[in-house]
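Presented below is the structure to which this report refers.
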Ligand code: C5P
């Protein structure tokens, strides 16, 4: 794996509260990481303009708004997200097959066979436990639900999932090698765990089968964020290709 291939697997979580903060991070990290993740906090504070700003600065965007609504609303919202310039968008698999299939069909129509933005599904949030699921009437164990929803998403045409590092091998086994897996909860060997509980290092996550790693504070809270990125790149490159599960999904690097 080349340095640029390793770099393209890093998705920096732009967990900041203002457009001005986002502009500073993007100016620093564009070209150094594969993508910027804009979540509900920044999007609600700064609006769609923040996505356009990142694109103008040469960055790719994962718009992490986790849509869950009636099929038509999710499909139309996703269409607007990709028209804004997002390369990666997501929705909740719990919204069901029709919601996911309609969204993918709407994007296919928009892109007309051209390389289209990718859709990821969230299965069960990692903050949910078995007790959380029981509260809402789901009696299955979390890992079973995760696999069930990942397969449902795949059958609906969704391109991949966001999953915790621990779930990666299960999903890889159930959904095969073409299915994208994006994982947060990654902690380089040099970084603090923060509030993340079940963590893996970048090399472990990639070796387990993750395609892309969402990483925030290990970079943003580092004394020298650029150096932290390069150290993470080093760690990703440490994955030996003969390790089980270690693959290069896209040898040409981002986007996909
Ligand atoms: O700073 P840190 O690397 O922990 O940031 C991880 C990012 O991934 C945050 O934006 C967080 O909301 C997101 N995330 C997560 N765990 C999940 C899903 C998303 O940490 N299960």
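Residue numbers (our numbering): 487 to 742. For glycine and all other residues, C-beta sits at the position ideal for the given N, C-alpha and C. Since we're looking at a predicted model, the values are computed, not measured.
> Roughly how many whole angstroms lie between the Cα atoms of residue 629 and residue 487?
Replying inline: Their Cα atoms are separated by approximately 31 Å.
>> Using C-beta distances below 6 Å, list every residue in its chain close to residue 585, excluding the 5 sequence neighbours before and after it, in chain order.
In response: 557 and 560
>> Could you check if residue 754 belongs to the surroundings of the ligand C5P, using beta carbon to heavy atom distance under 6 Å?
In response: A query on residue 754 cannot be resolved here, the shown segment of the chain reaching from 487 to 742 and no further.
>> Pop quiz: residue 648 and residue 606 are said to be a contact at Cβ under 8 Å. What is the actual Cβ separation, rounded to whole angstroms?
In response: 5 Å
>> Taking the alpha-carbon of residue 568 as reference, which of 538, 642, 516 and 501 has the nearest alpha-carbon?
In response: 538
> What residue does the beta strand (DSSP E) around residue 574 start on, and which one ends it?
Replying inline: 574-578
> Excluding sequence positions up to five away, which residues of its chain have a Cβ less than 8 Å from the Cβ of residue 588?
Replying inline: 557, 558, 560 and 561
>> Taking its Cβ as the centre, do 16 or more other Cβ atoms sit within 10 Å of residue 666, making it buried, or is it exposed?
In response: buried
>> Under DSSP, the alpha helix (DSSP H) around residue 531 begins and ends at which residues?
In response: 526-532
>> For the beta strand (DSSP E) containing residue 669, name the first residue and the last one.
In response: 666-669
>> Let's test the definition: count the other Cβ atoms within 10 Å of the Cβ of residue 443 and tell me whether it reaches 16, buried, or not, exposed.
In response: Outside the displayed span of the chain (487 to 742) sits residue 443, for which this structure offers no information.
> Between the C-alpha atoms of residue 655 and residue 581, what's the straight-line distance to the nearest angstrom?
Replying inline: 24 Å
>> Assuming contact is defined by CB atoms lying nearer than 7 Å, are residue 688 and residue 722 in contact in what I supplied?
In response: Contact check for residue 688 against residue 722 passes: the beta carbons are separated by less than 7 Å.
>> Just to check my reading of the structure: residue 576 and residue 595 have Cβ atoms closer than 8 Å, yes? What is that Cβ distance to the nearest angstrom?
In response: Between residue 595 and residue 576 the Cβ distance is about 20 Å, and since that is not below 8 Å, they are no contact.
>> Distance check for residue 702 and residue 709, CA to CA, integer angstroms please.
In response: 14 Å
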